[in-house]
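Structure record follows, encoded as structure tokens.
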DNA sequence: CTGAAAGCGCTTACAG
DNA sequence: CTGAAAGCGCTTACAG
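Residue numbers (full-length UniProt numbering), protein chains in the order written: chain L, 1 to 313; chain E, 1 to 313.
Structure (structure tokens):
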């Protein structure tokens, strides 16, 4: 690979001068500049970002952790993060953790060694140590779509889950449902807990309590669209019809939710907008050399489609 | 951040010695080793991978380009690549290009600057310059699921598309279909072309030619599952029934394909196995300082489900 | 077994 | 306007 030195020699100038024309920050004589630019073109020189990083003491890279890239919501989040980060000259390292603590810690270690400038967490284990590990090394962290947290050093970006659950329950209650269940991957995912709390609160307001899905529920609210879709599959394989026997509601409004075969009633959450904000916040914090400490809740909108209906009789 | 120097001072030894105990390659006196390890633990030292990379002249990072992470096949490919690469101590940089030449070139530039050790391409524009740009800088490149290529420096890993298309057409022909169409994002995606060729060849064997989907096709073969699912949506919104009016076949067997509401007839392709092989090949090539130059075609299996049936009368 | 020194490829004051 | 020099945080022969 050609180096700055190669270019300098070819152009008959010093390394400093080549560096100056590349960064365009210092004055360089027109003629010299042209000579250097020609040398760059001729050698096909690309600056070595690793050397630059070492000197600059920043990697210009951020990390993003998602529980499952196969879930289109997280895929959109990852794509959004990538796009926004690239636009700012940052690379992104993805970690698909499946909310496994061990995988989370491995990712943390790798990222610390690679000196990522910040981390966006889209999902993590229930009592995850991830944020603390990172924050203790002064790496800014923002939680996207994960709810609030005790640590004040943590940035938080989320949907208004309480409002969303209230809207869902109101919709179901209005249709006549009184036996409602909630499904989520409790054990693994942190966010599940939170939406469940909102769900319970909305039920309580109507003097109801959650029941188990197998306990004769006429409606089930899922933690997200993928789980709603999996629930439909499970119900239908048992011979139950959706929505005739059971209504199902999701969360996210992934592209598939509006498919003719699915037509899922759900709540729209804007993964792209969320990722854009997250990248912005985390990079701003990194540059200012502080934590994010910003909390924001995005609005959310109920989309009624064809998986919810009045309960039988 | 603590550096090697900090640890050395704390342990009262030289940088070399600290480096030696960390890498465990040189003999170090037991007592010294313990002192150094204690100093590492006390300071929470993590080696700076950037400095190490600069010295080693490799980034220990690879790139992967996918057209659309939202397609579960590519998500699985990306996850598989990540897992396999991490296990070998490599980081992975993802580029979601949507097969846009400009985005591809941007990714190439960023990756060259960051000195990635190799690149896996899961999809690219039709006349993409991506492979050449990379190969010309001696970065090993492997094409996954993209067909063969003229450049002998390119590694190739693919499914046996011709066999797959033959199996699909045989199945459809056996059911009585004679008016078959193929759908794909021709214009953008490179791989589409190839599967279409296999499709045409299989038809020709039966003295048939492809017709347009709107030309009274009784069966349509899609380039992949996501396009098959989108096709079902489009057909059903027009009031046609699948498979009663039109049969539909996909490619990939993404998890959704077996869903009760979809039950797509498709061909199974193993994204995870493919990604594992790809990572292995590209990293091996990188370490040996040569290109991949390996061609391999994975077997494929037709899965008949409920989107294919005998044509009407 | 241990350490001084050079060097990976850049950037950045600072002289001139 | 240009260049010599120091330094980012490591590794790696090489002396001792």
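In this text, a Cβ means the ideal position worked out from N, Cα and C, and glycines have one as well. On a predicted model such as this, the values are computed, not experimentally measured, just so you know.
Listed by chain order, chain E residues near residue i by CB distance under 7 angstroms
i, result
"residue 96 of chain L", "79 and 82"
"residue 262 of chain L", "261"
Under 9 angstroms from the C-beta of residue i: neighbouring residues of chain E
i, result
"residue 102 of chain L", "The premise fails here: residue 102 of chain L is roughly 12 angstroms from chain E at the closest Cβ pair, so nothing lies under 9 angstroms."
"residue 76 of chain L", "69 and 70"
"residue 269 of chain L", "Correct list: empty, because the minimum Cβ distance to chain E is about 15 angstroms."
"residue 243 of chain L", "Chain E residues near residue 243 of chain L: none, gap ~13 angstroms exceeds 9 angstroms."
Rounded separation between residue i and residue j - CA only
i, j, result
"residue 86 of chain E", "residue 64 of chain E", "13 angstroms"
"residue 133 of chain E", "residue 44 of chain L", "11 angstroms"
"residue 2 of chain E", "residue 272 of chain L", "36 angstroms"
"residue 84 of chain E", "residue 78 of chain E", "10 angstroms"
"residue 157 of chain L", "residue 145 of chain L", "6 angstroms"
"residue 282 of chain L", "residue 89 of chain L", "14 angstroms"
"residue 105 of chain E", "residue 119 of chain E", "13 angstroms"
"residue 174 of chain E", "residue 310 of chain E", "9 angstroms"
"residue 25 of chain L", "residue 67 of chain E", "36 angstroms"
"residue 224 of chain E", "residue 126 of chain E", "17 angstroms"
"residue 52 of chain E", "residue 19 of chain E", "11 angstroms"
"residue 160 of chain L", "residue 221 of chain E", "42 angstroms"
"residue 73 of chain E", "residue 9 of chain L", "48 angstroms"
"residue 386 of chain E", "residue 92 of chain E", "Residue 386 of chain E lies beyond the residue range present for chain E, which begins at 1 and ends at 313; the question has no answer from this structure."
"residue 21 of chain E", "residue 11 of chain E", "12 angstroms"
"residue 209 of chain L", "residue 194 of chain L", "16 angstroms"
"residue 114 of chain E", "residue 48 of chain L", "6 angstroms"
"residue 294 of chain E", "residue 110 of chain E", "26 angstroms"
"residue 302 of chain L", "residue 103 of chain L", "34 angstroms"
"residue 15 of chain L", "residue 279 of chain L", "34 angstroms"
"residue 304 of chain E", "residue 199 of chain E", "17 angstroms"
Own chain, CB closer than 8 angstroms to residue i, minus 5 neighbours either side, in chain order
i, result
"residue 215 of chain E", "179 and 181"
"residue 76 of chain E", "254, 271, 272 and 275"
"residue 13 of chain E", "32, 35 and 36"
"residue 108 of chain E", "130, 133 and 134"
When the options are compared against residue i, the one with the closest alpha-carbon
i, options, result
"residue 99 of chain L", "L/124, L/107 and L/117", "L/124"
"residue 319 of chain L", "L/312, L/61 and L/261", "Limits of chain L in this structure are 1 at one end and 313 at the other, which puts residue 319 of chain L out of reach."
"residue 34 of chain E", "E/89, E/48 and E/17", "E/17"
"residue 71 of chain L", "L/230, L/289, L/267 and L/303", "L/230"
"residue 259 of chain E", "L/116, L/227, L/197 and L/97", "L/227"
"residue 291 of chain E", "E/142, E/198 and E/30", "E/142"
"residue 298 of chain L", "L/267, L/285 and L/121", "L/267"
"residue 249 of chain E", "E/239, E/217 and E/238", "E/217"
"residue 42 of chain E", "E/29, E/4 and E/23", "E/4"
Contact list for residue i against chain E, beta-carbon separation under 8 angstroms
i, result
"residue 233 of chain L", "259, 260 and 261"
"residue 59 of chain L", "50"
"residue 278 of chain L", "The premise fails here: residue 278 of chain L is roughly 17 angstroms from chain E at the closest Cβ pair, so nothing lies under 8 angstroms."
Residues of its chain near residue i, where Cβ-Cβ distance is below 7 angstroms and the 5 sequence neighbours each way are ignored
i, result
"residue 276 of chain L", "80 and 84"
"residue 163 of chain L", "300"
"residue 139 of chain E", "116, 118 and 119"
"residue 153 of chain E", "135, 291 and 293"
"residue 112 of chain L", "137"
"residue 315 of chain L", "Outside the displayed span of chain L (1 to 313) sits residue 315 of chain L, for which this structure offers no information."
"residue 168 of chain E", "221, 249, 267 and 302"
"residue 262 of chain L", "229 and 256"
Chain L residues whose Cβ lies nearer than 8 angstroms to that of residue i
i, result
"residue 324 of chain E", "Residue coverage of chain E in this structure runs from 1 to 313, which leaves residue 324 of chain E outside it and unanswerable."
"residue 53 of chain E", "50"
Sequence-distant residues of the same chain with beta carbon closer than 6 angstroms to residue i, five excluded per side
i, result
"residue 166 of chain E", "202"
"residue 40 of chain E", "7"
"residue 243 of chain E", "307, 308 and 309"
"residue 206 of chain E", "173"
"residue 252 of chain E", "73, 224, 225 and 269"
"residue 219 of chain L", "172, 177, 180 and 247"
"residue 101 of chain E", "125"
"residue 69 of chain L", "75 and 96"
Contact list for residue i against chain L, beta-carbon separation under 7 angstroms
i, result
"residue 237 of chain E", "260"
Where residue i meets chain L, residues with beta-carbon distance less than 9 angstroms
i, result
"residue 229 of chain E", "256, 259 and 261"
"residue 110 of chain E", "49, 86, 89 and 91"
Taking only runs that begin and end inside the segment 187–235 of chain L, name each unbroken beta strand (DSSP E) of 3 or more residues, in chain order. For secondary structure counted as the beta strand (DSSP E) over 3 or more consecutive residues, the segment 187–235 of chain L holds these complete runs in sequence order: 219–222.
Contiguous beta strand (DSSP E) assignments of at least 3 residues, all confined to the segment 259–306 of chain L: As summarised for the segment 259–306 of chain L, the continuous beta strand (DSSP E) elements at least 3 residues long and confined to that stretch are 266–268, 295–298 and 301–303, given in chain order.
Length-filtered (4 minimum) alpha helix (DSSP H) runs lying within the segment 25–91 of chain E: Counting only runs of at least 4 residues, the segment 25–91 of chain E fully encloses the following alpha helix (DSSP H) elements, listed from N- to C-terminal order: 30–43, 49–56 and 72–87.
Start-end ranges of the beta strand (DSSP E) lying completely within the segment 100–137 of chain E, minimum 3 residues: Every unbroken stretch of the beta strand (DSSP E) spanning 3 or more residues and falling wholly within the segment 100–137 of chain E is given here in chain order: 118–121.
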